[in-house]
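The structure appears right after this line, and notes come after that.
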Amino acid sequence: MEGYIGKILRVNLTDGEFAVEDIDPDLIRQYVGGRGLGTKILYDEIDPAIDPLSPENKLIFLNGPLTGTGAPAGSRYMVITKAPLTNTIACSNCGGSFGPELKQAGYDGIIFEGCSEEPVSLWINNDEVEIRSAIDLWGKTTHETDDLIKAEIEDKFVARDTQIACIGPAGENMSKLACIISNKNRAAGRTGVGAVMGSKKLKAIVVRGTKGIRLADGKAFNTAIKSAMDKLNAGPVTSEALPAFGTPVLVNIVNECNILPTYNWQSSSYENAGKISGETMAETIVTRHKGCFACSIACAKCTEIEDPEFKGKGEGPEFENVILMGSSCGIDNLGAIAKASYLCNELGMDTISVGGTIATAMELFEKGYITEKDAGMKLNFGNAQALVAMTEKMGRGEGFGAVMADGGARLAEKFGHPELFMGVKKMEAPAYDPRGVQGMGLQYATSNRGACHVRGYTMANEILGVHEKVDPLITDGKAALVITFQNLTAIIDSAGLCLFVALCPGFLYEEVQGLLNGATGFNYTVDELVQAGDRIWNLERLFNQKAGFTKEDDTLPKRLLEVPAGPGNKVCELDKMLPEYYKLRGWDDGFPGKEKLAELGLE
Amino acid sequence: MTFKQYLPEGSSEGKAKMSLDHGATFGDILKILDIPIELPKIVIINGVIQISDEINARVLIDGDIVSVFPPVGGG
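Quick look at the structure:
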């Protein structure tokens, strides 16, 4: 195998056994790698109806064929499992250097099965694999865990290069918002994959790898890298906006477009957006820029808060959680938002879902459905201290934080007002109000892991005009647009690239094709990759069908469907888009039928 | 890149009020502020994103709120 190693490590945590297995090259070709291949493995090996926190669930870490090869932004590893937050298929995707290191150690990925009785960590040093006790690490934050593991390694250069993926207290407590953290601040964030790791009592994976990665055609690969780099360097978003301001560069524009979730989506613009914008961050709290492995974009922003009340340093916040923790909670204090983000990274929680859950709690509190006695604090909109305090309690599973740690859907239901949860399939929605960007509404409703922006980022065309300009307020053509982005994203993810490459004009299938063919020698055609994206999407959908989902689950919160807002003073007209979406997908009654399955080789 | 350098005197937080002649267009604003015509990627008028290729000819009326951004992205 080239590009890919062709080997996967299977670890049974119940009996402590492990084995290295070959991966069928035909499967790699059909599913590309990472997200696609991991979904295929999970679909074949578990019953999708199981409890995601039971020992029967499997936890798959898997690279893409481009991960670690030097392909631009090729840093990603993916975590595929059944999701505790949504009960759907999960694939959470993470940058940094863990994925590349795992490949250098000689593995495309790891499949964890079963459940350990005591906390353990998995140590990999090339061919040496060892399961060690992690009793001393249990209860530690992700930052403490990282430091303690590195302190255990005698050679300081080896320690420096060792890469770690771990959970914090939230994962140990099996919070449905728990994520997996690498490089202290990079997260496989969404859908609660950290809780699955916690359920298996797996605290950390520690990897050192010094092997090379073979490429099929070095010359072709270098040509493809040059073409990709030329595009990334010429693209104004990837060469200027993201390097200078990071993702929060979006705050002002999303606010000006009146699609900025505010006060738990009761409003779509925020009077104090300027105080929490990327421009303000760059002027006040950003200390330096940082990039993932082999990435020229370097969108990560190291920040420091001097305000004694929220003092701290770390990375972020990112656009999504600036909004979910900021305007959606009515909070304009950048220090508090940054502090809550740092806590999420240290305690191991998804910043988007934590922000969304707190915003839901604040609306429940303002309307009197949650009392100060219930919450142990005032949870009014605008309460910056409560944002930080509740984030910590959620991460540590303390008091009312333990109730909120399973997300906004379960919280709103528990207090009798499920309509105040702003998400889909129990996952909190990201920071674009679909009443003013209709394609994103269809995307949230149909995403295979619940309300998500990075499964089909139609914002790229509907607002940002990256590849072409499309009117965000109309519904015509949106079904096709959503499908195009969903399938393309499945390929970018599965290849091991960061989705931000697609914010570069013209960085579409052809660029990925060039890189994949240079690395793997598969000689993919673009048509084959388009079909592979479709195959991956359909297989995820089949998983969800077997997990018990129906087309009635493809919906949006009542507020977005019934209360007009935004620039067009419209609702999200999902009913106009969804039937066309199913039709263009080739689905009968919301799911792929025999004909579609045969077309994709999924019978 | 930001448009900060093109803001007129007296503006704050990236915002400025402008008095324009009757019939002035969006393109006229760019000329007055010396913004190179090819720079704005995203134009929003009164909260509505403008997708027309003819945006520079769009006539403005009193009270219009115009937002201009260079290419941005994220998420």
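From first to last, the protein sequence lines are chains B and R. Per the numbering used here, the first sequence starts with residue 1, numbered consecutively. Per the numbering used here, the second sequence starts with residue 1001, numbered consecutively. Virtual Cβ for every residue (Gly too), placed ideally from N, Cα, C.
Judged by DSSP in its simplified three-state form, residue 132/B adopts strand. Under a criterion of Cβ atoms nearer than 9 Å, the residues of chain R adjacent to residue 247/B are, in order, 1073, 1074 and 1075. A direct Cα-Cα distance of roughly 22 Å separates residue 65/B from residue 189/B. For the pair residue 229/B and residue 199/B, the CB atoms are not nearer than the 8 Å cut-off.
Under the 8 Å criterion on CB atoms, residue 1035/R is classed as non-interfacial with respect to chain B. Counting along the chain, the unbroken alpha helix (DSSP H) around residue 281/B starts and ends at 278–284.
Residue 453/B belongs to the set of residues whose beta carbon lies under 8 Å from a beta carbon in chain R. Pairing residue 236/B with residue 469/B, the inter-Cα distance amounts to about 16 Å.
Proximity to residue 51/B across 29/B, 81/B and 25/B peaks at 81/B, based on C-alpha coordinates. The secondary-structure analysis by DSSP pairs residue 290/B across a beta bridge with 300/B. In terms of beta-carbon proximity, residue 311/B stays away from the interface with chain R, with every pair separated by 8 Å or more. The Cβ atoms of residue 88/B and residue 449/B sit closer than 8 Å to each other. For residue 569/B, DSSP records no beta bridge to any residue. Taking the CA atoms as reference points, residue 95/B sits about 38 Å from residue 374/B. Residue 194/B is positioned such that its CB atom lies closer than 8 Å to that of residue 170/B. Taking 8 Å as the cut-off, the beta carbon of residue 185/B is found no closer than this to the beta carbon of residue 321/B.
Take the alpha-carbon of residue 521/B and the one of residue 233/B: they are about 26 Å apart. Across the stretch 1042–1056 of chain R, CB contacts with chain B closer than 9 Å involve 1042, 1044, 1046, 1047, 1048, 1049, 1050, 1051, 1052 and 1053, in sequence order along the chain. Taking the beta carbon of residue 1070/R as reference, the chain B residues within 8 Å of it are 236, 240 and 241, listed in sequence order. Residue-level contact by beta carbon fails for residue 1038/R and chain B, as no gap is shorter than 8 Å. Rounded to whole angstroms, the gap between the alpha carbons of residue 207/B and residue 108/B is 13 Å. Interface flag for residue 1025/R against chain B is unset, since no Cβ pair is found closer than 8 Å.
Residue 11/B and residue 146/B have their C-alpha atoms roughly 22 Å apart. For the C-beta of residue 460/B, the chain R residues within less than 8 Å are, from N- to C-terminus, 1073. Among the residues facing chain B, residue 1067/R is included, as its CB has a counterpart in that chain under 8 Å away. Under the three-pair Cβ rule at 8 Å, the stretch 445–461 of chain B does not count as touching the stretch 280–297 of chain B. Between residue 84/B and the set 547/B, 274/B and 296/B, the nearest pair of CA atoms involves 547/B.
Distance from the CA of residue 1051/R to the CA of residue 489/B, rounded to the nearest whole angstrom, comes to 24 Å. What residue 567/B touches in chain R, judged by beta-carbon distance under 7 Å, is 1047 and 1048, going in chain order. Close CB contacts of residue 514/B within its chain, under the 8 Å cut and outside five residues either way in sequence, are with 220, 223, 224, 227 and 228 (chain order). DSSP lists no beta-bridge partner residue for residue 537/B. DSSP, read as helix, strand or coil, puts residue 349/B in strand. At the C-beta level, residue 555/B and residue 445/B come within 8 Å of one another. Linking residue 196/B to residue 1073/R through their CA atoms gives a straight-line distance of about 32 Å. Listed in chain order, the alpha helix (DSSP H) runs fully inside the stretch 1017–1049 of chain R are 1026–1033, counting runs of at least 4 residues. DSSP, read as helix, strand or coil, puts residue 323/B in helix.
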